[in-house]
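Okay, so the sequence shown: first residue is 1353 according to our numbering, each after it adds one.
Glycine included, every Cβ here is placed at the ideal spot set by N, Cα and C.
In this text the structure is predicted, and so the values were computed from the model without any measurement.
Before any comments, here is the structure.
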Amino acid sequence: MPKKNKRKPDNGRPKPMENGQENGAVKAKKHLGQHFLKDETVARNIADTLSLKGYTNVLEIGPGMGVLTKYLLQRDLDLVAMDLDEESIIYLNHSFPLEHAEILKKNNRLNIIEADFLKFDLRNLYGEEQFAITGNFPYNISSQIVFKMLEIRQQIPEFSGMFQKEVAQRICEKPGSKTYGILSVLVQAFYEAEYLFSVPPQVFDPPPKVHSGVLRLTRKPELKLPCDEHLFFKVVKTAFNQRRKTLRNSLKTFDLSDNLKEDTIFDQRPEQLSVADFVTLTQKIANDPV
């Protein structure tokens, strides 16, 4: 269970930020892909996406100025807010507790951590405990966040948050669509994926050039696939790397037997295959006598 954040402002006043700001807005940084959510209703709705069934630990990625953080803290949970931006960390440690003192009186189970999620070993926080992930994710690393989540899916019963709209739709897409791809198959192999609602650019500061979308992933009861999972990931990624070709051509690097390549499944393109079809394909490749 994450420890409570015990850091408090000195003498009851926040320290000035390094750029001279005090009690003011944190400057969004382009290189970090920051677009701060400013719409209270959207923030509340994202906080409400988590069911908290079977867990109380929640990791928020990219809290920025804490607009989502404050609504998460109004629920009965233990929150870790993780950000790579030092300026945001200073704001959350010093200004945020003053601005939201009443919320923190009711729930001060908040731990603020300055770290890069993609490089951070989450076992240092949670050990083997279950935890959910949510956030207004930086769009430049959102797909990488999902791939890392899949690596530790045994500990993550729920995942929700804000993505670039087309990425969120791709994750939730069904077979037969041109946007159905690697993320769609790998995520849906282990999670039920729901596209919840769209968000316009003007609710952010600064506004992004694209629309956004919020999704929720709920882990399936069966944690393992009935096939070699390492091979499954490899088959899916290789197939979609040449998505316009039939599987017979896109999977040539697997050096399959002529007999297996005559199977009708190889007449199809990758976007035509469901998760179950890819499992079957992986089993066929694993059992190929070559």
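{"Asked": "Counting C-beta neighbours from all protein chains within 10 Å, is the total for Ser1550 16 or more, i.e. buried, or is it exposed?", "Found": "exposed"}
{"Asked": "Nearest to Tyr1407 by CA position, among Ile1464, Asn1397, Ile1413, Leu1431, is which residue?", "Found": "Leu1431"}
{"Asked": "Please return the same chain residues whose Cβ sits closer than 6 Å to the Cβ of Gln1373, not counting the five positions on each side in sequence.", "Found": "Any reading at Gln1373 needs caution, since the residue's pLDDT is 37, under 50, leaving its predicted position unreliable; the model's value is listed next. Within the same chain, Gln1373 has no close Cβ partners at all."}
{"Asked": "Hey, is the segment 1511-1521 in contact with the segment 1473-1492, meaning 3+ C-beta pairs nearer than 8 Å?", "Found": "yes"}
{"Asked": "Pull up the DSSP beta-bridge partners for Gln1516, would you.", "Found": "Ser1564"}
{"Asked": "So is Gly1416 buried or exposed if we call it buried at 16+ other beta carbons inside 10 Å?", "Found": "buried"}
{"Asked": "Quick check: the Cα distance between Leu1389 and Gly1418, rounded to an integer number of angstroms?", "Found": "9 Å"}
{"Asked": "Any idea if Ala1453 is buried or exposed, counting beta-carbon neighbours within 10 angstroms, 16 or more meaning buried?", "Found": "exposed"}
{"Asked": "Would a C-beta distance cut-off of 7 Å place Val1537 and Phe1630 closer than the cut-off?", "Found": "yes"}
{"Asked": "Please go through the same chain and pick out, in chain order, the residues whose beta-carbon is closer than 8 Å to the beta-carbon of Lys1360, but skip the five residues on each side of it.", "Found": "Legend: pLDDT at Lys1360 = 39, less than 50; position of this residue unreliable, value from coordinates given subsequently. Taken in chain order, the residues that qualify are Pro1449."}
{"Asked": "How about Asn1541 and Leu1583: are their beta carbons less than 7 Å apart?", "Found": "Correcting the residue type first, residue 1541 is Ala in the shown sequence and not Asn. No, they are not a contact pair."}
{"Asked": "What is the DSSP secondary structure of Ser1550, reduced to helix, strand or coil?", "Found": "strand"}
{"Asked": "What three-state label does DSSP hand Glu1510 in the structure shown?", "Found": "strand"}
{"Asked": "When DSSP labels each residue in this structure, what does Arg1571 get in the three-state scheme?", "Found": "strand"}
{"Asked": "Which word fits Gln1496, buried or exposed, when buried means at least 16 other C-beta atoms lie within 10 angstroms of its C-beta?", "Found": "exposed"}
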